[in-house]
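Worksheet: one structure, shown below.
In this note's numbering, the protein residues as written are 105 to 592.
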């Protein structure tokens, strides 16, 4: 084996934060030494090349095989039955490429064209010919299958969905229930964690958030990975096990490994594999707001931000986003007479401006309750040689303190959280922002969820059977081009 030299890094970029002794990894393949003549074939290529012309095949035979391959792949890629007008331009690309390269390379060139087609990249839903311009119509079963697969899998409908859609039975209640159960149990449902949770909770931003390495030298790359995986595994458990959505607020469990448990001050967790751990009251953890991923994302690189944390709660847990700040808002003053000011003191001075007070009176109490967590989510009781005051008062006069008090505040607003969660999930499922006319749908889904203890699968079923998910408005004018909605 080749020895790769180790490169020492400066103190700032310590080796504790980086994987060592690896400069490059190269993977060569596919390899199939037992079948030399078919070494290029893998499970993936066999799915593409459903036929192969003989070495001495005629041009007509090759074209027929190419048509078979392109027709099948285009039908899958466009998520609908295709016709000759869809196939012919791609066949023309194949024929032009075939003049210069072999059959397989020509198919590869054709697939490149297919994969950059707007009909693959965007979700195109064409109203039936008898639908009046501007009217509301029910999308076809094939289009419903495409929406369903994009929502739950961020992928194309599989053969089972396509078959049921073609038979017109996919939306039958019992059939749909079974398909939802199958789809949510599939590994493909991890797309909901990667994409929906990634957007809803801002987890996508974590790899690009860089706490100050001098202020927080313990925040290494492995720890960054662990705090992200903790929240992803937490979300996946609630989804896969069909748990109530209120676990997002106050669950008494999470997923830790030894370094993350040490970061949290929790004993008894060994090894580097993350596993489910029960949380005691003394752990100062519980729910999303006790997880370092959220606490880190809502902080500045070298200090906490009660404003960012409060805004994150209003945006993502209560769907009560404050308006954007007015232009030229001055920065918070961090010192007074040479003494460092606590976040509470800085915000008190900031709220003295009536223009700022209207929004900060809603955001600040929520964020101040989390001041006992530093900018990388570690628990603390002092800052700048002062004891931290994590007490807060809501605009309605409700007084509370710390994470446990914040849990109580959010529990009292659990109906609002339910609607906020549905708002975010429906937005993701539809691939568009919601309008005022969608609000009755959100309230209806919330009522349905209450009949099943607010479990995640019931909410997902209510979303996919809702009017916005099954119906669409036709373009206003007959000659108006069909609008494309970007696939989620």
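Quick reminder that beta carbons are idealized off the backbone N, C-alpha and C, glycines included. Just so we're clear, the structure is a prediction, and the values are computed from it rather than from any experiment.
Assign residue i to one of three DSSP states: helix, strand, or coil.
i	result
residue 380	strand
residue 308	helix
residue 405	coil
residue 242	strand
residue 364	helix
residue 486	strand
residue 374	coil
residue 227	strand
residue 496	strand
residue 348	strand
residue 441	Caution is warranted here: a pLDDT of 46 is assigned to residue 441, below 50, making its placement in the model unreliable, and no coordinate value can be reported.
residue 198	helix
residue 315	coil
residue 559	strand
residue 476	coil
residue 323	coil
residue 203	coil
residue 575	strand
residue 272	coil
residue 168	helix
residue 150	helix
residue 529	helix
residue 388	coil
Are residue i and residue j closer than 9 angstroms when you measure CB to CB?
i	j	result
residue 521	residue 393	no
residue 261	residue 250	yes
residue 95	residue 515	Since the first residue of the chain shown is 105 and the last is 592, residue 95 is not available in this structure.
residue 417	residue 471	yes
residue 468	residue 411	yes
residue 331	residue 400	yes
residue 153	residue 211	yes
residue 198	residue 174	yes
residue 227	residue 181	no
residue 247	residue 183	yes
residue 161	residue 169	yes
residue 491	residue 497	no
residue 517	residue 474	no
residue 316	residue 479	yes
residue 283	residue 338	no
residue 241	residue 578	yes
residue 297	residue 340	yes
residue 209	residue 201	yes
residue 344	residue 293	yes
residue 272	residue 234	no
Tell me, to the nearest whole angstrom, how far the beta carbon of residue i is from that of residue j; I am working on the premise that it is less than 8 angstroms.
i	j	result
residue 243	residue 575	7 angstroms
residue 239	residue 299	The pair is not a contact, with the Cβ atoms about 32 angstroms apart (cut-off 8 angstroms).
residue 157	residue 581	About 47 angstroms; that fails the 8 angstroms criterion.
residue 279	residue 288	Residue 279 to residue 288, Cβ: 15 angstroms. No contact.
residue 390	residue 383	6 angstroms
residue 364	residue 327	7 angstroms
residue 177	residue 215	7 angstroms
residue 529	residue 568	No, residue 529 and residue 568 are not in contact; Cβ-Cβ is about 10 angstroms, not under 8 angstroms.
residue 545	residue 562	Their Cβ separation, rounded to whole angstroms, is 15 angstroms, which puts residue 545 and residue 562 out of contact at 8 angstroms.
residue 179	residue 319	Actually they do not touch by this definition, with Cβ atoms about 55 angstroms apart.
Which one of the options has the shortest CA to CA distance from residue i?
i	options	result
residue 362	378, 220, 348	378
residue 376	220, 333, 407, 391	333
residue 543	526, 555, 554, 533	526
residue 508	427, 283, 356, 479	356
residue 593	171, 345, 380, 203	Past the edges of the chain, shown from 105 to 592, lies residue 593, and the structure says nothing about it.
residue 380	335, 419, 396, 350	335
residue 419	539, 524, 256	524
residue 556	349, 424, 510	349
residue 500	492, 486, 465, 477	465
residue 368	304, 322, 569	322
residue 386	396, 370, 395	370
residue 55	550, 347, 534, 577	Lying outside 105 to 592, the shown extent of the chain, residue 55 is not represented and no answer is given.
residue 347	560, 564, 532	560
residue 295	325, 254, 271, 263	254
residue 494	505, 487, 488	505
residue 277	565, 577, 578	565
residue 532	275, 510, 519, 572	572
residue 185	425, 552, 270	270
residue 510	388, 306, 150, 194	388
residue 409	477, 425, 358	477
By DSSP's criteria, residue i is part of a beta bridge. Which residues make up the other side?
i	result
residue 491	486
residue 415	None, per the DSSP bridge assignment.
residue 358	381
residue 332	Paired residue(s): none; residue 332 is not in a bridge.
residue 503	497
residue 300	DSSP, once it has assigned bridges, lists no residue as partnering residue 300.
So, is the C-beta of residue i closer than 9 angstroms to a C-beta in chain D?
i	result
residue 501	The question asks about chain D, but that chain is absent: this structure has only one protein chain.
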